[in-house]
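Here the structure is laid out as structure tokens; the discussion comes afterwards.
In full-length UniProt numbering, the protein residues as written are 1 to 114.
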């Protein structure tokens, strides 16, 4: 997000100097994938107003500015690679470029050590 765009997603003090820990839960249509800054810790299916949805809850983020918060809901496929220090690299892509995503996950995991 841009430095002052978080306020379009949720009520907040949208100033880069102000930091917080975020607890993210996304409700999305079944068959779609939800991602955010942390690992998903709970995913379950439910029905809301007659619509079948999935609820995905993520681990709390580290203390950070609002503009660093990210979330996406898509029907893209995703590949997960492991990085040292228990970090995870997730590559989202449409099915047409899935083979390239495999390569990116392999290379990205080896060069993204922080």
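All residues carry an ideal CB built from backbone N, CA and C; glycine is no exception.
query = With 16 as the cutoff for other CB atoms within 10 Å, does residue 66 come out buried or exposed?
reply = buried
query = Nearest CA to the CA of residue 23: which residue from 70, 52 and 5?
reply = 70
Exposed unless 16 or more other CB atoms sit within 10 angstroms - verdict on residue 101 = buried
query = At what residues does the beta strand (DSSP E) containing residue 87 begin and finish?
reply = 87 to 93
query = Got a sec? Which residues, its chain only, sit under 7 Å from residue 45 by beta carbon, not counting five neighbours each side?
reply = 30, 52 and 54
message = Considering only the alpha carbon of each residue, which of 79, 19 and 40 lies closest to residue 25?
response = Selected option, being the one with the closest Cα: 40.
request  = Could you pull the start and end residues of the beta strand (DSSP E) that residue 41 belongs to?
outcome  = 40 to 48
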